[in-house]
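Engineer: Take this structure, written in structure tokens, and hold onto it; I'll ask about it next.
Numbering (mature numbering (1 follows the signal peptide of the UniProt record, and there is no 0)), first residue to last: -21 to -1, 1 to 284.
Written as structure tokens, this is what we have:
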């Protein structure tokens, strides 16, 4: 089940440049720029576009500020316009560290040898999870995935774990060819939700993170909608490091991340529906093996991003 036919517009966007530098956090200095923990005088930190930029940007900057202080090195926070752009940026040595979606990490590990370092835990230091979901209006006649044949379905972005791959896996599990569903890639989780609430589609993917965020902000009323499908729990997004970075930097990054104050991590953790938020905890490739299996089951390869 290839995404290859969907990637040309994204490739064009990448060629035009779709990584946005938000800020260089911290001041650094000559001694810092010569340190193994400060490659090339700064650390380039990528963040996937999983939330409204107005909310994601300040949360990402706060995390970047904390890392800058811990590592004595300016941290340049970058939010990508597409999930695939973040993978390509790391592959092309434009990012040193990055928060990827679980499926994005699968491809980043293939294309940039990205290594998962840490992820977001709750207050009990238990790794947090989230779920993918498909929702319809409460008065819809659609009550199951089977009834999506001939109907319109808003997905998020190509390459998104919960906004693309898992809903498509739900179609496959129900033996529904994708050509029998009118799939519309809305551009992200918030856009898919709005497509549903504005009546533009019959159904939409809404993951548990976006559900919590949109409900809290008043953009979504769960009582006016119904969930017809939910995935199994997905381990939350990993913070990763590019595979060819200096081992001393990798260790310093790991130590810094795992010792950050939970209050510092909490703001961006809250956007990932981590409640109550806790510290970052260690993760590795094995944590995300179900996502490697998902990519294999859908026959997705690094060429699909």
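All C-beta atoms in this analysis are idealised placements derived from N, C-alpha and C, irrespective of residue type, glycine included.
This structure is a prediction, so every number in the text was calculated from the model and none was measured.
#1: How should residue 104 be labelled, buried or exposed, when 16 other C-beta atoms within 10 angstroms of its C-beta is the threshold for buried?
#2: For a quick check, are the C-beta atoms of residue 149 and residue 163 less than 8 angstroms apart?
#3: Taking its Cβ as the centre, do 16 or more other Cβ atoms sit within 10 Å of residue 265, making it buried, or is it exposed?
#4: Excluding the five sequence neighbours on either side, which residues of its own chain have a C-beta within less than 8 angstroms of the C-beta of residue 201, listed in chain order?
#5: Using the Cα positions of residue -1 and residue 56, report the straight-line distance between them to the nearest angstrom.
#6: Residues in its own chain within less than 6 angstroms of residue 7 by CB, not counting five upstream and five downstream?
#7: Between which two residues does the alpha helix (DSSP H) carrying residue 251 extend?
#8: Given the structure, does residue 246 come close to the ligand GDP, in the sense that its CB is under 7 angstroms from one of the ligand's heavy atoms?
#9: From which residue to which residue does the alpha helix (DSSP H) around residue 90 run?
#10: Whole-angstrom Cβ separation of residue 258 and residue 95, contact assumed at under 8 angstroms?
#11: Is the separation between the beta-carbon of residue 129 and that of residue 159 shorter than 8 angstroms?
#12: Hey, out of 224, 249, 251 and 269, whose CA is closest to residue 19's CA?
#13: Excluding five sequence neighbours on each side, which residues of the same chain lie with their C-beta closer than 6 angstroms to the C-beta of residue 269?
#14: Helix, strand or coil, according to DSSP, for residue 308 in the structure here?
#15: Using the beta-carbon count (16 or more within 10 Å), is residue 60 buried or exposed?
#16: Measuring alpha carbon to alpha carbon, tell me which of 198, 247 and 154 ends up nearest residue 292.
#17: I'd like the ranges of any alpha helix (DSSP H) spanning at least 4 consecutive residues and lying wholly in the segment 186 to 216.
#18: Using the three-state DSSP reduction, which class does residue 162 fall into: helix, strand or coil?
#19: Take residue 132 and list the residues in its own chain whose beta-carbon comes closer than 6 angstroms to its own, dropping the five residues that flank it on each side.
#20: Applying the 10 Å Cβ sphere with the 16-neighbour rule, what's the burial state of residue 238?
#21: Between the Cα of residue 26 and the Cα atoms of 75, 153, 49 and 230, which residue gives the shortest distance?
#22: Ignore the nearest five residues each way along the sequence and tell me which others in residue 93's own chain have a CB closer than 8 angstroms to its CB.
#23: Following the continuous beta strand (DSSP E) through residue 94, name the residue where it begins and the one where it ends.
#24: Could you say which of 252, 49, 118 and 30 lies nearest to residue 203 if we only look at CA atoms?
#25: Which two residues bound the contiguous alpha helix (DSSP H) that contains residue 132?
#26: With DSSP run on the structure shown, which of helix, strand or coil describes residue 104?
#27: Is residue 346 helix, strand or coil by DSSP?
#28: Return the CA-CA distance between residue 147 and residue 14, expressed in angstroms with no decimal places.
Structural biologist: Working from what's here:
#1: By the 16-neighbour rule on beta-carbons within 10 angstroms, residue 104 is exposed.
#2: The Cβ atoms of residue 149 and residue 163 lie no closer than 8 angstroms to each other.
#3: By the neighbour-count rule (16 or more Cβ atoms within 10 Å), residue 265 is not buried but exposed.
#4: Within the same chain, 190 and 194 come within 8 angstroms of residue 201 by CB-CB distance, once the 5 residues on both sides are set aside.
#5: Below a pLDDT of 50, predicted positions are generally treated as unreliable, and residue -1, at 49, falls in that range; no measurement from the model is reported.
#6: Its pLDDT being 48, under 50, residue 7 is placed unreliably by the model, and nothing is read from it.
#7: Note, residue 251: premise wrong, no alpha helix (DSSP H); not H, not E.
#8: Absence of the ligand GDP from the depicted structure is noted, as is the absence of any ligand whatsoever, leaving it without description.
#9: Per DSSP, residue 90 belongs to the alpha helix (DSSP H) from 81 to 90.
#10: Their Cβ separation, rounded to whole angstroms, is 16 angstroms, which puts residue 258 and residue 95 out of contact at 8 angstroms.
#11: Taking 8 angstroms as the Cβ cut-off, residue 129 and residue 159 qualify as a contacting pair.
#12: Among 224, 249, 251 and 269, the Cα nearest to that of residue 19 is on 224.
#13: Excluding residues up to 5 positions away in sequence, nothing lies with its Cβ nearer than 6 angstroms to the Cβ of residue 269 in the same chain.
#14: Any question about residue 308 goes unanswered here, given that the chain covers just -21 to 284.
#15: Buried, by the Cβ-count rule.
#16: With the chain covering -21 to 284 only, the question about residue 292 has no answer from this structure.
#17: Within the segment 186 to 216, the complete alpha helix (DSSP H) runs of at least 4 residues are 187 to 195.
#18: If DSSP states are grouped into helix, strand and coil, residue 162 belongs with the strands.
#19: Around residue 132: 160, 162 and 182.
#20: Exposed, since its Cβ has fewer than 16 Cβ neighbours within 10 Å.
#21: Selected option, being the one with the closest Cα: 75.
#22: If you ignore the 5 residues before and after residue 93, its C-beta comes within less than 8 angstroms of the C-beta of 69, 77, 79, 84, 87, 219, 220, 221 and 222, all in its own chain and listed in chain order.
#23: 94 to 101 is the extent of the beta strand (DSSP E) around residue 94.
#24: Each of 252, 49, 118 and 30 was checked against the Cα of residue 203, and the nearest Cα belongs to 118.
#25: Counting along the chain, residue 132 falls outside any alpha helix (DSSP H), though it belongs to the beta strand (DSSP E) covering 131 to 134.
#26: Residue state, collapsed to three classes: coil.
#27: Because the chain spans -21 through 284 in this model, residue 346 falls outside it and cannot be assessed.
#28: Looking at the two C-alpha atoms, the distance is approximately 46 angstroms.
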